[in-house]
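Student: This is the structure I have questions about; it appears just below.
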Amino acid sequence: MDLSFTPEEQQFRDEVRAFLDQNLPPAMRHKVLEGLHVPPEDTVEWQRILFRKGWGGPNWPTAFGGTGWDPVRQFIFEEECAAAGTPRLLPFGLKMVGPVIQRFGNAAQHARFLPRILSGEDWWCQGYSEPESGSDLASLRTLAVREGDHYVVNGQKTWITLAQHADWIFCLVRTDRTGKAQAGISFLLIDMKTPGVTVRPIVMLDGGHEVNEVWFEDVKVPVENLVGEENKGWTYAKFLLGHERANIAGIGGSKRELARLKRIASEERKHGRPLAEDPLFAARLAQVEIDLLALEITNLRVLSAEAEKRAPGPEASLLKIKGTEIQQALSELMFQAVGPYALPFRIEALSDGFAGPAVGPEYAAPLAATYCNMRKASIYGGSNEIQKNIITQMILGL
Amino acid sequence: MHFQLTEEQRALGEMVQRFLSKEYAFDARRKILRSPDGWSREIWTKLGEMGLLALQVPEEHGGMAPATVETLVTLGAMGRALVVEPYLSSAILGTAIVRALGSPAQREAILPAMATGERIAVPAHGEAGARFDLSRVATTARKGGAGFVLDGRKAVVLHAPAADLLLVTARTSGAEDAEAGLSVFAVPAGTRGLTLVPYPTIDGMRGADVVLASVEVPADALLGPEGGAFPALSAAQDLGVAALCAEAVGVLQATLDATTEYTRTRKQFGVPIARFQALQHRMADMLMNVEQARSMSYLAAMHAASEDVRERRRTVSAAKVIVGQACRYVGQQAVQLHGGMGVTDELSVSHCFKRLMAIELTLGDTEHHLERFIRESK
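Listed below in structure tokens is the structure:
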């Protein structure tokens, strides 16, 4: 047992840090660190910057143009990126459809799709949930009927994150309605420009446009866009979920937010003293910090098991639950820290370069909206209750 | 960075676990608890023979220190079996204090005998009103007689009735809460003026309040520099907290295992109660508490002997917070999920519950360590 990073890992961290110092545009960094709106161009531009360095696929094997980093290096990279304030890399291509195409796609699909994910040319989105299929995903009803060399797709997907910017969507569709629900699902790649695809925004409680409904009306999808075998999509989806959850603890991001919370708490005043020195507030803040420290070690334990070539297992559910609880606790303490100045809600002030009259401290503007936004964390990616079901079944064997 | 055990470490853990599951099963343990002394000299001697009492004793005195991971593994197994012998008090805390403060001659006189189990030495530090404040000591030692004269009262000295030697903290100078001015004296059991008020503790261990009325000790009873014992006491305490965290993880795992096993076999409404989601999610929460506690027990073990005192205190306190909260949560839920059987003396769960409760209160409770974490983070 040795909990310190090796000299090689430490050197790797220094290398990442130096690269970020030199290559992360200050304007991007500012938006991320202040919790302001990060426009899609920034997300794409950051992917391109990394791609030029050869780091476009931090979690991909070298055979597909990735870095080939082990789980510990991926963790270090994510942690340093979060601390520096880089835009978040889009998970839909890199962490979701990419690994599925690599594992279950054919050579033509490898050549066609993977390079464009690395270079930031294609923006992907995830078409899983439907209005009647949330936690019970396998009950999905979007239908794909084979007609010659095409599938004809009809149905509705919902909660599609950033579909308004997407070039492609990967979908779970029903190709067989006869047997068990899980056995009739296929994994289909659909060009968002195909006639019959409609994107409708869903405005969220923070006023933001982050998710969408995507409608399919007689959408013709070439058969070569089927990944793997017909009716095996559920297997691929489960493989994907394991990858999606592997880094869902969000340790790096929470460390950054904790530092921001501490800055705010040292600026704010209570009884004329810094809020950070208030015993009640300090205790709540310390509790989150300690929970985060414990989760970091738990995360490293999971990574270390992964490095021994064990696939991300049900432990990922624990990381998801605790990770999102911490993210939510941080966002909660942050808006509480600014007191009444959490209430003014000017959407324009959430974008960089807002020049209107100042209301309260600058850092207060996005905090309530962020708190509202973060309520999603315990719901997406398999709600925390579903994760507890997984823990009971897979770890406790009940 | 890795969390694997070496072959030897794994083998050690298995050996201790095998020994305890054979010699320290539920009924055997109950018999020990009900014996007049409340602990087993025979078990203690065997622990010594297995080398387990020597883990914190330096090599030059017949031991294996620092055996960080070995200690972690051993305490985990002891927690699982709810061992009541004075392992934490003597093999960890007492050993660490003598090791840090004793002169070579004092160390050689005390430590080899502790390593074999012939001698038991426990700290007598805490006092009423001091709560968990390590520097608040009212017991005094003044020069007199052939060396020093000690006066005061020590509160809840764990395993004092079993000890051959009490390591008494007394103030030789300074204000009542000053770190400077604290000294440690090795006071043999039976010394004139030393009175024990013995009692069992809620978790089945033994302890005593220790009254010191003009206790005369020779000059060479002083361990370490006069008035300069605080850094060593603080380091020993942190080593003890790390050990306690490791023990706690063993108890926690045993408690969770007992609960999943019970809910799998107990039937109501025609099905095992483990089928009910209200109970399943409670057990998932228990598991998360256990795993977070396990993570922190590793971190505490690795930092308990750190040169960086602030970092040591901060990390150890963070661990005790997570572990203490896990003890409270897992203990309470385990009893609840056992239903009426959980509140009887018949099943292991209530014994685990009481040990978890005691661990949370030992060497600083959750609030104490949360406060210390905040202080050391500034």
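Quick note, the sequences are listed as chains D and Z, same order.
Residue 290 is where the first sequence starts when you use the working numbering, and the numbers rise one by one after that.
Residue 1152 is where the second sequence starts when you use the working numbering, and the numbers rise one by one after that.
Glycine included, C-beta positions come from ideal geometry on N, C-alpha and C.
For clarity, every value in this text was computed on a predicted model and none was experimentally measured.
From glycine 1298 (chain Z) to methionine 1453 (chain Z), what distance separates their C-alpha atoms?
Tutor: Here residue 1298 (chain Z) refers to the residue found at position 147 when the second sequence is read from its first residue. Here residue 1453 (chain Z) refers to the residue found at position 302 when the second sequence is read from its first residue. Cα-Cα distance, rounded: 39 Å.
Student: Less than 8 Å between the beta carbons of alanine 372 (chain D) and glycine 496 (chain D), yes or no?
Tutor: The residue labelled residue 372 (chain D) in the question sits at position 83 within the first sequence. The residue labelled residue 496 (chain D) in the question sits at position 207 within the first sequence. No, these two residues do not count as a Cβ contact at 8 Å.
Student: Examine the Cβ distances between the segment 1277 to 1295 of chain Z and the segment 1220 to 1229 of chain Z and report whether three or more of them are shorter than 8 Å.
Tutor: The answer is no - the segment 1220 to 1229 of chain Z does not touch the segment 1277 to 1295 of chain Z, with fewer than three Cβ pairs under 8 Å.
Student: Put lysine 360 (chain D) into one of helix, strand or coil per three-state DSSP.
Tutor: In the first sequence, counting from the first residue as 1, residue 360 (chain D) sits at position 71. It is worth fixing the name first, because residue 360 (chain D) is proline in this sequence and not lysine. Helix, per DSSP.
Student: Tell me, please, whether the CB atom of tyrosine 1238 (chain Z) is closer than 8 Å to any CB atom in chain D?
Tutor: Locating residue 1238 (chain Z) in the second sequence gives position 87, where the first residue counts as 1. Output row for tyrosine 1238 (chain Z): interface = no.
Student: When you compare the CB of arginine 1415 (chain Z) with every CB in chain D, is at least one pair closer than 8 Å?
Tutor: The sequence position of residue 1415 (chain Z) within the second sequence is 264, counting from 1. Yes - at least one Cβ of chain D is within 8 Å of the one on arginine 1415 (chain Z).
Student: Within 8 Å (strictly less), CB to CB, does tyrosine 1480 (chain Z) reach chain D?
Tutor: Taking the second sequence and counting its residues from 1, one reaches residue 1480 (chain Z) at position 329. No, no contact with chain D.
Student: Could you tell me whether any Cβ in chain Z is nearer than 8 Å to the Cβ of alanine 572 (chain D)?
Tutor: Here residue 572 (chain D) is taken as the residue at index 283 of the first sequence, counted from 1. Alanine 572 (chain D) counts as touching chain Z.
Student: To the nearest angstrom, how far is it from the Cα of leucine 1390 (chain Z) to the Cα of tyrosine 1449 (chain Z)?
Tutor: In the second sequence, residue 1390 (chain Z) corresponds to position 239, counting from 1. In the second sequence, residue 1449 (chain Z) corresponds to position 298, counting from 1. Rounded to whole angstroms, leucine 1390 (chain Z) to tyrosine 1449 (chain Z) spans 12 Å at the Cα level.
Student: What is the rounded straight-line gap between the Cα of aspartate 641 (chain D) and the Cα of glycine 345 (chain D)?
Tutor: Mapped onto the first sequence, residue 641 (chain D) falls at position 352. Mapped onto the first sequence, residue 345 (chain D) falls at position 56. One C-alpha to the other measures close to 26 Å.
Student: Considering only C-alpha positions, which residue in the set Z:Ile1424, Z:Arg1426, Z:Gly1401 is nearest to leucine 1507 (chain Z)?
Tutor: As a first step, residue 1507 (chain Z) is located in the second sequence; it is residue number 356 there, counting from the start. Selected option, being the one with the closest Cα: Z:Gly1401.
Student: Using a Cβ-Cβ cut-off of less than 8 Å, list which residues of the segment 348 to 363 of chain D approach chain Z; keep chain order.
Tutor: Cβ contacts with chain Z come from Val361.
Student: Could you give the C-beta distance for valine 1249 (chain Z) and leucine 1262 (chain Z), rounded to a whole number, given that I count them as a contact under 8 Å?
Tutor: Along the second sequence, read from residue 1 onward, the residue named residue 1249 (chain Z) stands at position 98. Along the second sequence, read from residue 1 onward, the residue named residue 1262 (chain Z) stands at position 111. Rounded, the Cβ-Cβ distance is 6 Å, consistent with contact.
Student: Could you give the residue range of the alpha helix (DSSP H) that holds glycine 1199 (chain Z)?
Tutor: Along the second sequence, read from residue 1 onward, the residue named residue 1199 (chain Z) stands at position 48. Segment 1192 to 1200, the alpha helix (DSSP H) holding glycine 1199 (chain Z).
Student: Grouping DSSP H, G and I as helix and E and B as strand, with all else coil, what is valine 1300 (chain Z)?
Tutor: Reading the second sequence from its first residue, position 149 is the one you call residue 1300 (chain Z). Note: valine 1300 (chain Z) maps to strand in three-state DSSP.
Student: Quick check on glutamate 1458 (chain Z) - is its C-beta less than 8 Å from some C-beta in chain D?
Tutor: Here residue 1458 (chain Z) corresponds to residue number 307 of the second sequence, with the count starting at 1. No, because no Cβ of chain D sits closer than 8 Å to the Cβ of glutamate 1458 (chain Z).
Student: Taking 8 Å as the threshold (C-beta atoms), are valine 1481 (chain Z) and methionine 1437 (chain Z) in contact?
Tutor: For the purposes of this step, residue 1437 (chain Z) is identified with residue 286 of the second sequence, where counting begins at 1. For the purposes of this step, residue 1481 (chain Z) is identified with residue 330 of the second sequence, where counting begins at 1. Cβ distance < 8 Å, so methionine 1437 (chain Z) and valine 1481 (chain Z) count as in contact.
Student: Ends of the alpha helix (DSSP H) at isoleucine 1353 (chain Z)?
Tutor: For the purposes of this step, residue 1353 (chain Z) is taken as the residue at position 202 of the second sequence. No alpha helix (DSSP H) holds isoleucine 1353 (chain Z); DSSP gives it neither H nor E.
Student: Using 8 Å as the threshold, is the C-beta distance between glycine 416 (chain D) and isoleucine 390 (chain D) below it?
Tutor: Translated into the one-based positions of the first sequence, residue 416 (chain D) becomes position 127. Translated into the one-based positions of the first sequence, residue 390 (chain D) becomes position 101. No. Outside cutoff.
Student: Assuming lysine 413 (chain D) is part of the beta strand (DSSP E), what are its boundary residues?
Tutor: To locate residue 413 (chain D), count along the first sequence from 1; it is residue 124. Contrary to the premise, residue 413 (chain D) reads as tryptophan rather than lysine in this sequence. Note, tryptophan 413 (chain D): beta strand (DSSP E), 413 to 416.
Student: Do arginine 1426 (chain Z) and serine 1528 (chain Z) have their C-beta atoms within less than 8 Å of each other?
Tutor: Translated into positions along the second sequence, residue 1426 (chain Z) becomes position 275. Translated into positions along the second sequence, residue 1528 (chain Z) becomes position 377. The answer is no: Cβ separation not under 8 Å.
Student: In the DSSP assignment, find the alpha helix (DSSP H) that holds isoleucine 615 (chain D) and state where it starts and stops.
Tutor: Here residue 615 (chain D) corresponds to residue number 326 of the first sequence, with the count starting at 1. Segment 604 to 626, the alpha helix (DSSP H) holding isoleucine 615 (chain D).
Student: The alpha helix (DSSP H) that contains lysine 1294 (chain Z), what's its start and end?
Tutor: By 1-based counting over the second sequence, the position of residue 1294 (chain Z) is 143. No alpha helix (DSSP H) contains lysine 1294 (chain Z), which is instead part of the beta strand (DSSP E) from 1291 to 1295.
Student: State the DSSP-derived secondary structure class of threonine 487 (chain D), mapped to helix, strand or coil.
Tutor: Translated into the one-based positions of the first sequence, residue 487 (chain D) becomes position 198. Threonine 487 (chain D) falls in the strand class under three-state DSSP.
Student: Considering only the beta carbon of each residue, do leucine 1204 (chain Z) and alanine 1251 (chain Z) sit closer than 8 Å?
Tutor: Translated into the one-based positions of the second sequence, residue 1204 (chain Z) becomes position 53. Translated into the one-based positions of the second sequence, residue 1251 (chain Z) becomes position 100. In this structure, alanine 1251 (chain Z) does not lie closer than 8 Å to leucine 1204 (chain Z) by Cβ.
Student: Would you verify that the beta carbon of glutamine 1487 (chain Z) is, or is not, closer than 8 Å to some beta carbon of chain D?
Tutor: Taking the second sequence and counting its residues from 1, one reaches residue 1487 (chain Z) at position 336. By this cut-off, glutamine 1487 (chain Z) is not an interface position.
Student: DSSP beta-bridge partners for cysteine 460 (chain D)?
Tutor: The residue you call residue 460 (chain D) lines up with position 171 of the first sequence. For cysteine 460 (chain D), which the question treats as bridged, DSSP gives the partners D:Gly416, D:Leu477.
Student: Counting only Cβ pairs nearer than 8 Å, list the residues of chain Z close to lysine 611 (chain D).
Tutor: Within the first sequence, residue 611 (chain D) is the residue found at index 322, counting from 1. Neighbours of lysine 611 (chain D) on chain Z, chain order: Met1439, Gln1443.
Student: How would you list, in chain order, the residues of chain D whose beta-carbon sits under 7 Å from the beta-carbon of phenylalanine 1154 (chain Z)?
Tutor: Here residue 1154 (chain Z) corresponds to residue number 3 of the second sequence, with the count starting at 1. Simply Met290, Arg590, Ser593.
Student: Quick one: complete beta strand (DSSP E) runs, 3+ long, within the segment 1355 to 1402 of chain Z?
Tutor: Segments of the beta strand (DSSP E) lying fully in the segment 1355 to 1402 of chain Z: 1357 to 1369.
Student: Assuming proline 1274 (chain Z) is part of the beta strand (DSSP E), what are its boundary residues?
Tutor: On the second sequence, residue 1274 (chain Z) is found 123 positions in, with the first residue counted as 1. 1272 to 1275 is the extent of the beta strand (DSSP E) around proline 1274 (chain Z).
Student: With DSSP as the reference, label phenylalanine 1170 (chain Z) as helix, strand or coil.
Tutor: Indexing the second sequence from 1 puts residue 1170 (chain Z) at position 19. Looking at phenylalanine 1170 (chain Z) - three-state DSSP - the assignment turns out to be helix.
Student: Give me the Cβ distance between lysine 1182 (chain Z) and isoleucine 1353 (chain Z), rounded to the nearest whole Å; I'm assuming they're in contact under 8 Å.
Tutor: Residue 1182 (chain Z) sits at position 31 when you count from the first residue of the second sequence. Residue 1353 (chain Z) sits at position 202 when you count from the first residue of the second sequence. The Cβ separation is near 19 Å, so there is no contact.
Student: Would glycine 561 (chain D) be called buried (16 or more neighbouring beta carbons within 10 Å of its own) or exposed?
Tutor: Start at 1 with the first residue of the first sequence, and residue 561 (chain D) comes out as number 272. So glycine 561 (chain D) ends up on the exposed side.
Student: Output the boundary residues of the beta strand (DSSP E) element that contains proline 1187 (chain Z).
Tutor: As a position in the second sequence, residue 1187 (chain Z) is number 36, starting the count at 1. It is not in any beta strand (DSSP E) - proline 1187 (chain Z) carries neither H nor E in the DSSP assignment.
Student: Kindly indicate which three-state DSSP category phenylalanine 505 (chain D) falls into: helix, strand or coil?
Tutor: Within the first sequence, residue 505 (chain D) is the residue found at index 216, counting from 1. DSSP places phenylalanine 505 (chain D) in strand when its eight states are reduced to three.
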